[in-house]
Amino acid sequence: MKIIQISPRGFGANAYVLTADNQNAVVIDPAQPRVQAELIKLGLTARFVLLTHCHFDHVEGVQGLQESGAKVLCLDKEKPLIGTNADLFSFFGAPRSAYTVAETLKDGQEIELCGIRVQVIATPGHTAGSACYLVTDEQGGKHLFTGDTLFAGSIGRTDFPTGDLRALRQSLKRICVMEDMPIYAGHGEQTTIATERKTNPFLTDL
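Taking my numbering, I'd label the letters of the sequence shown as residues 1225 to 1430.
Structure representation (structure tokens):
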């Protein structure tokens, strides 16, 4: 399995492209329309889009991928927030991107997309329906995609609609007790669970 990070140009989130066969791809948080062009350069076709949450800076490339045939998936508790003020398009004055969710996911659900094994972990706090995705590669290696729940040295904000600091702390506790593995966050650099347990000031009292 390959993991390809597409960093934003200007304000936006990291997008991650996962492929097991170098043809079909799962895209986590296609933050900008240019993600589609990057996929074309890579010779990949997006079959599925996984959303960690619906904030505008994580979803502005979803519409284009959906129009090209990709199915959009998110946690069941996040779907009702899409198209409301909770997605922050209006808050930041961004033109709204239109897309629909084909299927919702539940906490603990395990799915296989394009030959890639994914476990859904509900991590409310940044938004009510935020999710992390635990991906297991062919060799059994594990990779955690945390969206805006956990960053290198920081955590997600809770002052936006449906944010909840107490819920986020409970979500972070779930992550902290997991085995060490790479973390691919919505913003910033890649890190690991072990590194964050040792150095992240927001995790020291959990």
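Note that CB positions come from ideal geometry on N, CA and C, so glycine has one too.
| Query | Result |
| --- | --- |
| Helix or strand or just coil, what does DSSP make of Arg-1431? | Here the chain has residues from 1225 to 1430 only, and residue 1431 is not among them. |
| Going by the CB atoms, is the gap between Thr-1416 and Gly-1387 shorter than 9 Å? | no |
| Who are Arg-1341's beta bridge partners in DSSP? | Glu-1336, Thr-1360 |
| With DSSP collapsed to three states, give me the class of Thr-1428. | coil |
| Once the 5 residues before and after Val-1250 are set aside, which same chain residues still bring their CB inside 8 Å of it? | Val-1241, Leu-1242, Thr-1243, Ala-1270, Arg-1271, Phe-1272, Val-1273, Leu-1274, Leu-1337, Cys-1338, Ile-1340, Val-1342 |
| Using a Cβ-Cβ cutoff of less than 7 Å, which residues in the same chain neighbour Gly-1377 once the five nearest sequence positions on both sides are dropped? | Thr-1423, Asn-1424 |
| Inspect the CB distances between the segment 1346-1365 and the segment 1388-1397 and report whether three or more fall short of 8 Å. | yes |
| Please report the straight-line C-alpha distance between Ala-1261 and Ala-1237, rounded to a whole angstrom. | 16 Å |
| Under the three-state reduction of DSSP, which class applies to Lys-1301: helix, strand or coil? | coil |
| Quick one: what's Ala-1409 bridged to in DSSP? | Gly-1371 |
| Looking at C-beta atoms only, is the number of pairs between the segment 1366-1381 and the segment 1329-1336 that lie closer than 8 Å three or more? | no |
| Nearest-angstrom Cα distance between Gln-1394 and Ala-1326? | 29 Å |
| Under a Cβ-count criterion, where at least 16 other Cβ atoms within 10 Å of its own Cβ denotes burial, should Gly-1410 be classed as buried or exposed? | buried |
| The alpha helix (DSSP H) that contains Ile-1264, what's its start and end? | 1258-1266 |
| Under a three-way DSSP split, which group does Ile-1379 fall into? | strand |
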